[in-house]
Amino acid sequence: MCTAATYKTKDFYMGRTLDYEFSYGEQITITPRNYEFDFRFSGKIKSHYALIGMAFVAEVYPLYYDAVNEKGLGMAGLNFVGNAAYEEALPEDETEVSQVAQFEFIPWILTQCATVAEAREKLAAMRLTGTAFSEQLPTAQLHWIIADKDSCIVVESMKDGLHVYDNPVGVLTNNPPFPSQMFALNNYAGVSRKQPESTFAGVLQLDAYSRGMGGMGIPGDLSSQSRF
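Taking the UniProt record's numbering, the leading residue of the sequence shown gets 1, the next gets one more, and so forth.
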């Protein structure tokens with residue numbers, strides 16, 4: 001039951017909840033600039049942006065749930081069970097694009113990209129594989145939100161391929177897929193922060209008997225669709 005949200009005033013904020021039934025021992029984790037990352041397919045890199053986020057550290061490797069880099073680019077992975085599907089890893093000589101294991105996707109983007117625009121370029125030449133970190137830590141079924149102060153996108157890897165969507169609302173929860181979440185917002189076109197006017201019947205005067213009646217219809221349950 002995860003929710004990620006962005007918020008912009010004169011500054012930019014990004015955060016998420018991680019409402020899970022149990023803990024893997026995750027903790028606030030900092031990856032400094034000169035920490036040597038050993039990516040499963042592309043090898044080691046040492047010169048990269050610094051990161052801070054929430055991670056479970058396994059075998060001295062930070063498995064990030066979410067993070068932000070020193071340039072202000074943030075990324076979070078949220079449960080996408082039943083819809084997430086990844087590519088099979090190919091031999092290096094059989095692909096011309098970068099292969100990235102799902103567990104290293106967040107640091108792979110954030111160590112190399114300063115903006116969402118740069119992340120888009122990386123995504124256009126990438127295969128996201130279902131390679132597990134280890135037998136004890138299998139591949140998670142996730143989709144991701146990536147955001148900076150200017151824009152926001154959602155990345156979903158499904159059976160029909162990798163999808164990258166503009167996210168004008170700056171929010172992500174869990175299922176269903178992002179286009180369905182956006183379409184469902186049409187249900188709330190009449191919601192307003194203002195008090196409603198009486199338009200039901202011209203001959204019948206209906207009064208707003210309480211404050212906040214412009215918000216009637218907003219769901220209050222904890223399902224992923226309602227949280228979105």
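A virtual CB, placed ideally from N, CA and C, is assigned to each residue, including glycine.
Note that the structure is a prediction, hence the values are computed from the model and not measured.
- By the neighbour-count criterion, in which 16 or more other beta carbons inside 10 Å mark a residue as buried, serine 192 falls on the exposed side.
- Pairing alanine 85 with arginine 120, the inter-Cα distance amounts to about 20 Å.
- About 5 Å separates the CB atoms of threonine 29 and proline 62; that is less than 8 Å, so the two are in contact.
- The beta strand (DSSP E) runs lying completely inside the stretch 10-47 and spanning 3 residues or more are 12-16, 27-31, 37-39 and 43-45, given in chain order.
- At the C-beta level, alanine 50 and glutamate 70 come within 7 Å of one another.
- When DSSP states are grouped into helix, strand and coil, phenylalanine 80 belongs to the coil group.
- Looking at the DSSP output, arginine 127 shares a beta bridge with Gln99.
- Listed in chain order, the non-local C-beta contacts of lysine 122 below 7 Å within the same chain comprise Ile109, Gln112 and Cys113, local neighbours out to five positions each way being set aside.
- Between alanine 101 and arginine 40, the gap from beta carbon to beta carbon is short of 7 Å.
- DSSP places lysine 149 in the coil class of the three-state scheme, outside both helix and strand.
- Leucine 204 and tyrosine 7 have their C-alpha atoms some 41 Å from each other.
- Aspartate 207 and glutamate 118 have their alpha carbons spaced roughly 52 Å apart.
- Boundaries of the alpha helix (DSSP H) harbouring proline 179: 178-184, taken from the DSSP string.
- Here the alpha carbons of phenylalanine 12 and leucine 222 stand approximately 26 Å from one another.
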